[in-house]
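Trainee: Before anything else, here's the structure in question.
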Amino acid sequence: MDLTYSAEDEAFRAEVRDFLEEHLRGDFAALKGLGGPGRDHEAIEERLAWNRHLAQHGWTCVGWPTEHGGRGLSLSQQVIFHEEYARSNAPARLNHLGEELLGPTLIAFGTPEQQARFLPPIRAVEELWAQGYSEPGAGSDLANVQTRARLEDGPTGREWVIDGQKVWTSNAHFSQWVFVIARTEPGSQRHAGLSFLLVPLDQEGVEVRPIEQLTGGSEFNEVFLSGARTDADLVVGEPGQGWRVAMGLLGFERGVSVLGQVVGFARELEGVVELAKANGAIDDPLLRDRLADLAVELEVMRFNAMRGLSAVTGGDDSAAGGGAASIFKLVWAAWHKRLGEVAMDVLGADGLTARAAPYDLDEWQRLFLFARADSIYGGSDEVQRNILAERVLGLPREPKGV
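Its first residue numbered 119, the sequence shown is counted upward by one per residue in our numbering.
Below, the structure written as structure tokens:
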């Protein structure tokens with residue numbers, strides 16, 4: 119595994135860094151650090167303007183092929199872009215689900231008509247997307263989806279009519295579309311009979327209810343589908359083959375942005391260290407050991423992420439899409455929880471009270487509270503361990519209840 123960057127890559131890094139330094143000024147400078155996990159409710163309109171500014175200068179969808187409007191960057195240059203974006207403390211982007219997940223899925227599985235309809239507004243950040251996977255009775259068990267869809271004649275032709283409920287639907291309250299996994303073959307079970315549908319959110323048959331979090335924000339939602347409709351041709355892949363498409367999308371979920379995530383973690387750790395120096399907590403030798411452990415583990419995490427990406431470069435998709443991706447999710451979720459716990463210990467008694475009434479939390483309190491969910495969202499720890507056991511190590515499948 120070659121962990122070095124070429125001279126061309128380093129020149130590209132300088133280009134990205136120069137652009138961000140030049141453009142994160144004026145009104146955009148005030149957005150630095152806003153958004154992200156537990157804070158995605160912050161400055162939505164202002165961050166949307168920044169995202170569209172990026173699009174106008176060709177800095178969205180950088181990994182998409184040029185024939186679909188992307189920049190066609192190499193894997194190493196995509197990694198560099200995400201690293202520099204995180205390092206600049208630029209605001210969290212609002213278009214992640216469309217740009218990093220749905221867009222590549224449509225490129226891989228969509229029809230030319232679907233690509234022509236949806237890829238340009240994703241690239242321009244004109245339409246935002248939510249993800250309709252999890253359900254109250256299924257959680258991370260995507261094969262247990264109970265939302266159902268059927269084909270009927272509508273006013274303008276054949277339509278899918280959808281009934282069910284989705285939960286933990288990030289950003290549905292300000293998105294225009296949601297991609298939904300629904301059961302379209304009556305009597306089908308588990309992975310069979312599922313379809314991947316593209317559904318407009320602004321319609322009578324859709325109700326979005328934000329869920330208030332421990333952090334005080336509401337970045338995810340319940341979505342109730344009661345006779346919601348979408349055109350018959352807005353199924354990605356063949357009807358009944360949605361499991362294949364859904365798994366393809368999840369393969370894109372943990373891509374090159376993971377190294378940008380590691381850079382963000384490094385900034386958080388540096389902030390906790392600076393806080394400990396400022397309030398004297400750094401004098402505690404046990405606390406110093408915990409901070410040192412976090413620093414060492416973070417470096418190991420970075421190399422593990424690079425190992426997974428290197429496997430993809432070498433053509434071993436299974437290592438990144440299965441074992442390496444699941445290992446990385448387990449490791450960073452546990453690490454981030456520990457960082458939040460250390461941050462609260464550094465704060466001491468000050469961590470127990472809000473800055474102001476009724477519930478004004480500082481960044482370390484939000485970190486601690488939101489990190490409690492890291493081992494649940496994006497595939498729970500239990501699901502990741504099952505993936506490693508069954509698909510990577512070939513162990514017997516977990517017994518299912520009758």
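Glycine included, every Cβ here is placed at the ideal spot set by N, Cα and C.
Keep in mind the model is a prediction, meaning the values are calculated, not measured.
What are the boundary residues of the alpha helix (DSSP H) that includes residue 194?
Mentor: Residues 193-205.
Trainee: Counting along the chain, where does the beta strand (DSSP E) carrying residue 60 start and finish?
Mentor: Nothing in the structure corresponds to residue 60, since the chain is present only between 119 and 520.
Trainee: With H, G and I counted as helix, E and B as strand and the rest as coil, what does DSSP make of residue 324?
Mentor: If DSSP states are grouped into helix, strand and coil, residue 324 belongs with the strands.
Trainee: Strictly by DSSP, which residues pair up with residue 295?
Mentor: According to DSSP, which records beta bridges pairwise, residue 295 is partnered with 247, 318.
Trainee: From residue 376 to residue 423, what distance separates their C-alpha atoms?
Mentor: Going from the Cα of residue 376 to the Cα of residue 423 covers about 7 Å.
Trainee: If we ignore side chains and look at the alpha-carbon of each, how far apart do residue 439 and residue 445 end up?
Mentor: Per-residue confidence for residue 439 stands at a pLDDT of 44, beneath the threshold of 50, marking its modelled position as unreliable; no derived number is given.
Trainee: Provide the residue(s) that pair with residue 349 in DSSP beta bridges, ordered along the chain.
Mentor: In DSSP, residue 349 forms a bridge with 277.
Trainee: Can you look up residue 154 in the DSSP assignment and give me helix, strand or coil?
Mentor: DSSP places residue 154 in coil when its eight states are reduced to three.
Trainee: So what's residue 270 in DSSP terms, helix, strand or just coil?
Mentor: Here residue 270 sits in strand by DSSP.
Trainee: List in chain order: all unbroken alpha helix (DSSP H) runs of 4+ residues lying wholly within the region 421-503.
Mentor: The region 421-503 contains these whole alpha helix (DSSP H) runs: 443-465, 481-489.
Trainee: Counting only the same chain and skipping the five closest in sequence on each side, list residues whose C-beta sits under 8 Å from that of residue 137.
Mentor: Taken in chain order, the residues that qualify are 175, 177.
Trainee: Please report the Cβ distance between residue 182 and residue 221, rounded to the nearest whole angstrom; I am assuming they are in contact, meaning their Cβ atoms lie under 8 Å.
Mentor: Right, the Cβ-Cβ distance comes to about 6 Å (below 8 Å), so this counts as a contact.
Trainee: For the structure I just gave you, are there three or more beta carbon pairs, one from the region 218-232 and one from the region 253-265, closer than 8 Å?
Mentor: Touching, no, given that fewer than three Cβ pairs across the two stretches are closer than 8 Å.
Trainee: If you measure between the beta carbons of residue 143 and residue 153, is that distance less than 8 Å?
Mentor: No, the Cβ-Cβ distance between residue 143 and residue 153 is not below 8 Å.
Trainee: Excluding five sequence neighbours on each side, which residues of the same chain lie with their C-beta closer than 6 Å to the C-beta of residue 361?
Mentor: Around residue 361: 309, 312.
Trainee: Quick check for students: name the residue ranges of the alpha helix (DSSP H) that lie wholly in the region 211-236, counting only runs of 4 or more.
Mentor: 221-227, all fully within the region 211-236.
Trainee: Quick one: what does DSSP say residue 332 is sitting in, helix, strand or coil?
Mentor: Note: residue 332 maps to coil in three-state DSSP.
Trainee: Helix, strand or coil for residue 338, going by three-state DSSP, please let me know.
Mentor: Note: residue 338 maps to coil in three-state DSSP.
Trainee: Since residue 313 sits in a beta bridge, which residues does DSSP pair it with?
Mentor: BP columns for residue 313 point to 300.
Trainee: Using DSSP with H/G/I as helix, E/B as strand and the rest coil, what is residue 363?
Mentor: Three-state result, residue 363: helix.
Trainee: Below 8 Å on the Cβ atoms is my guess for residue 333 versus residue 487; work out the distance and round it to an integer in Å.
Mentor: Right, the Cβ-Cβ distance comes to about 5 Å (below 8 Å), so this counts as a contact.
Trainee: By the DSSP assignment, the alpha helix (DSSP H) with residue 146 in it spans what residues?
Mentor: Where residue 146 is concerned, there is no enclosing alpha helix (DSSP H), given that its DSSP letter is neither H nor E.
Trainee: From residue 435 to residue 426, what does the alpha carbon distance come to, in whole angstroms?
Mentor: Here the model assigns residue 435 a pLDDT of 45, short of 50, so the residue's position is not dependable, and the following value carries that caveat. Whole-angstrom Cα-Cα distance: 9 Å.
Trainee: With a threshold of 8 Å, are at least 3 pairs of Cβ atoms found where one atom belongs to the region 465-480 and the other to the region 317-324?
Mentor: No contact exists between the region 465-480 and the region 317-324.
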